[in-house]
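Chains as they are written, first to last, in this note's numbering: chain G, 23 to 196; chain P, 23 to 196.
We put the CB at the ideal spot given by N, CA and C, even for glycine.
Taking it in order: structure first as structure tokens, then the write-up.
Protein chains: 2
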Amino acid sequence: MKAAEKLKAAIRDIPDFPKKGIIFKDITPLLQDARLFSETIEALAACCRDKPIDAIACVEARGFVFGAVLAHTLNVGLVLIRKKGKLPYATHQVSYDLEYGTDTLEVHQDAVKAGASVLVVDDVLATGGTIAAVYRLMEKLEAKVAGALFLIELSFLHGREKIKKYPVEAVITY
Amino acid sequence: MKAAEKLKAAIRDIPDFPKKGIIFKDITPLLQDARLFSETIEALAACCRDKPIDAIACVEARGFVFGAVLAHTLNVGLVLIRKKGKLPYATHQVSYDLEYGTDTLEVHQDAVKAGASVLVVDDVLATGGTIAAVYRLMEKLEAKVAGALFLIELSFLHGREKIKKYPVEAVITY
Numbered sequence: 023m024k025a026a027e028k029l030k031a032a033i034r035d036i037p038d039f040p041k042k043g044i045i046f047k048d049i050t051p052l053l054q055d056a057r058l059f060s061e062t063i064e065a066l067a068a069c070c071r072d073k074p075i076d077a078i079a080c081v082e083a084r085g086f087v088f089g090a091v092l093a094h095t096l097n098v099g100l101v102l103i104r105k106k107g108k109l110p111y112a113t114h115q116v117s118y119d120l121e122y123g124t125d126t127l128e129v130h131q132d133a134v135k136a137g138a139s140v141l142v143v144d145d146v147l148a149t150g151g152t153i154a155a156v157y158r159l160m161e162k163l164e165a166k167v168a169g170a171l172f173l174i175e176l177s178f179l180h181g182r183e184k185i186k187k188y189p190v191e192a193v194i195t196y
Numbered sequence: 023m024k025a026a027e028k029l030k031a032a033i034r035d036i037p038d039f040p041k042k043g044i045i046f047k048d049i050t051p052l053l054q055d056a057r058l059f060s061e062t063i064e065a066l067a068a069c070c071r072d073k074p075i076d077a078i079a080c081v082e083a084r085g086f087v088f089g090a091v092l093a094h095t096l097n098v099g100l101v102l103i104r105k106k107g108k109l110p111y112a113t114h115q116v117s118y119d120l121e122y123g124t125d126t127l128e129v130h131q132d133a134v135k136a137g138a139s140v141l142v143v144d145d146v147l148a149t150g151g152t153i154a155a156v157y158r159l160m161e162k163l164e165a166k167v168a169g170a171l172f173l174i175e176l177s178f179l180h181g182r183e184k185i186k187k188y189p190v191e192a193v194i195t196y
């Protein structure tokens, strides 16, 4: 796929970030260049063509970038998912295990209407733990999960296995 | 101004968040409704009509929502400003005082070319401390600061005084 290859070529490998042995995929070069940014959003939007979607849900912070632009492009609502204590109104909460300890995500209880079709969008699919937690938040909202869409999938981490309950797509795969 | 009044009516007051005595302006109702979200972006974009802008800079996390969509809408680059330790590549850093302690913001050293015209975008102008720090980051990049643009200005906090070095605009004022 030509568009994806072009985007892939602009993504920067950062060795040993955030810790030794991890090669971090730095997507900021895609954002800094207006044309590449636009092509990135087009590639994500192309994955949504045949999906009936009422809203896009995304997790802070990088997820907000892609989720917000995609929601605006597709003309659907935007649902923000944040770390505990950041959202001001009544929330649903879900905790999930990290390598060390746990983390808690929240969503506003009025973020979408029950029955709304919600697509979960994030920049990178790694182990899938965060997105599995987002699925649970969407279920608490009684939303229909349309699936998950990523710019990048790190397939060697097998995150797709953890979130295969709903359709999963990615523009770029490593 | 009619558009601004409509947006203002949708913003939700949350008393005592994040702490006692503060009335938090919750902008999530503007995001959840596709039409209001679109009108919010139009109102922000209308403030940029006569400005020559090469890039938009925004601070995590809510700033990413408005900054990203506005950059995409105006077809300019996007610069992410993050808390210390989040950006993977070589950064410039600026520390600034909070009510208790200090905070550090970072930007990638290659985020924009020297001389590029950068507009700083955020959801809320409160005390102005964060944006003053962002100005200093932009100056380290040798960017030209085109000004700062906010969805909401809390004028009773006099943040504008702290960032009047460059032009300041807001769609909604309290």
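Please identify the residue among the options whose C-alpha is closest to the C-alpha of residue i.
{"i": "G:Arg57", "options": "G:Val81, G:Cys80, G:Leu29 and G:Asp76", "result": "G:Leu29"}
{"i": "P:Val81", "options": "P:Ile63, P:Lys108, P:Lys166 and P:Lys184", "result": "P:Lys108"}
{"i": "G:Leu127", "options": "G:Pro110, G:Val116 and G:Glu175", "result": "G:Val116"}
{"i": "P:Gln54", "options": "P:Val87, P:Pro74 and P:Val101", "result": "P:Val87"}
{"i": "G:Val146", "options": "G:Leu96, G:Gly169 and G:Lys47", "result": "G:Lys47"}
{"i": "P:Leu141", "options": "P:Lys73, P:Thr50, P:Tyr111 and P:Ala32", "result": "P:Lys73"}
{"i": "G:Leu163", "options": "G:Ala148, G:Phe178, G:Val129 and G:Ala155", "result": "G:Val129"}
{"i": "G:Leu96", "options": "G:Tyr111, G:Ala79 and G:Tyr122", "result": "G:Ala79"}
{"i": "P:Ala68", "options": "P:Ser177, P:Tyr188, P:Phe172 and P:Ala133", "result": "P:Phe172"}
{"i": "P:Phe59", "options": "G:Pro189, G:His94, G:Pro40 and G:Ala155", "result": "G:His94"}
{"i": "P:His114", "options": "P:Leu92, P:Gly151, P:Val156 and P:Asp144", "result": "P:Val156"}
{"i": "G:Thr149", "options": "G:Gln131, G:Asp125, G:Phe178 and G:Lys166", "result": "G:Phe178"}
{"i": "G:Leu136", "options": "G:Asp125, G:Val167 and G:Tyr122", "result": "It should be noted that the sequence gives Ala, not Leu, for residue 136 of chain G. G:Ala136 has its Cα closest to that of G:Val167, out of G:Asp125, G:Val167 and G:Tyr122."}
{"i": "P:Lys187", "options": "P:Asp35, P:Ile153, P:Lys105 and P:Val193", "result": "P:Ile153"}
{"i": "G:Pro51", "options": "P:Asp144, P:Gln131, P:Ala165 and P:Asp35", "result": "P:Gln131"}
{"i": "P:Lys24", "options": "P:Ala170, P:Leu102, P:Gly89 and P:Glu61", "result": "P:Glu61"}
{"i": "G:Lys106", "options": "P:Ala112, P:Thr124 and P:Pro40", "result": "P:Pro40"}
{"i": "P:Ala77", "options": "P:Ala170, P:Ala138, P:Asp125 and P:Thr195", "result": "P:Ala138"}
{"i": "G:Leu159", "options": "G:Ala26, G:Ala133, G:Ala32 and G:Glu64", "result": "G:Ala133"}
{"i": "G:Ile185", "options": "G:Ala83, G:Asp125 and G:Ala170", "result": "G:Ala170"}
{"i": "G:Ile75", "options": "G:Leu100, G:Pro110, G:Gly123 and G:Tyr118", "result": "G:Leu100"}
{"i": "G:Asp38", "options": "P:Tyr111, P:Val91, P:Gly123 and P:Thr124", "result": "P:Tyr111"}
{"i": "P:Glu121", "options": "P:Asp144, P:Gly151, P:Arg104 and P:Val143", "result": "P:Gly151"}
{"i": "P:Glu27", "options": "P:Gly43, P:Ala65, P:Ile45 and P:Ile36", "result": "P:Ala65"}
{"i": "P:Arg71", "options": "P:Ile44, P:Leu92 and P:Arg84", "result": "P:Leu92"}
{"i": "G:Val143", "options": "G:Val98, G:Asp125 and G:Tyr118", "result": "G:Val98"}
Grouping DSSP H, G and I as helix and E and B as strand, with all else coil, what is residue i?
{"i": "G:Glu161", "result": "helix"}
{"i": "G:Arg34", "result": "strand"}
{"i": "P:Val156", "result": "helix"}
{"i": "G:Gln54", "result": "helix"}
{"i": "P:Glu121", "result": "coil"}
{"i": "G:Gly150", "result": "coil"}
{"i": "G:Leu176", "result": "coil"}
{"i": "P:Ala25", "result": "helix"}
{"i": "G:Lys47", "result": "strand"}
What residues from chain P crowd round residue i, counting only those whose CB sits closer than 9 Å?
{"i": "G:Ser60", "result": "His94 and Asn97"}
{"i": "G:Thr50", "result": "Leu100, Val101, Leu102, Leu109, Pro110, Tyr111, His130, Asp132 and Ala133"}
{"i": "G:Glu82", "result": "Glu82, Ala83, Arg84 and Phe86"}
For a contact defined as C-beta to C-beta under 9 Å, what are the partners of residue i on chain G?
{"i": "P:Arg34", "result": "Pro110 and Tyr111"}
Looking only at DSSP bridge pairs, what is residue i linked to?
{"i": "G:Tyr196", "result": "Answer is none; G:Tyr196 lacks a bridge partner."}
{"i": "G:Thr113", "result": "G:His130"}
{"i": "P:Gly107", "result": "The partner list for P:Gly107 (beta bridge, DSSP) is empty, contrary to what the question assumes."}
{"i": "G:Lys166", "result": "G:Ser139"}
{"i": "P:Asp145", "result": "BP columns for P:Asp145 are empty, so no partner."}
{"i": "P:Glu191", "result": "P:Leu171"}
Run through chain P and tell me which residues come within less than 8 Å of residue i, C-beta to C-beta.
{"i": "G:Gln115", "result": "Near G:Gln115 there are no residues of chain P at all, since even the closest Cβ is about 16 Å away, more than 8 Å."}
{"i": "G:Asp55", "result": "Gly99"}
For residue i, return the contacting residues in chain G, with the cut-off set at a CB-CB distance below 7 Å.
{"i": "P:Phe46", "result": "Pro110"}
{"i": "P:Val91", "result": "Ala90, Val91 and His94"}
{"i": "P:Phe39", "result": "Pro110"}
What in chain P is Cβ-close to residue i, meaning under 7 Å?
{"i": "G:Leu159", "result": "Neighbours of G:Leu159 on chain P: none; closest Cβ ~14 Å, over 7 Å."}
{"i": "G:Ile194", "result": "Within 7 Å Cβ-Cβ: nothing; G:Ile194 doesn't reach chain P, min ~17 Å."}
{"i": "G:Ile63", "result": "His94"}
Which complete alpha helix (DSSP H) runs does the region 58-98 of chain P hold, if anything under 4 residues is left out? Secondary structure within the region 58-98 of chain P: the alpha helix (DSSP H) runs of 4 or more consecutive residues, fully enclosed, are 84-96 (chain order).
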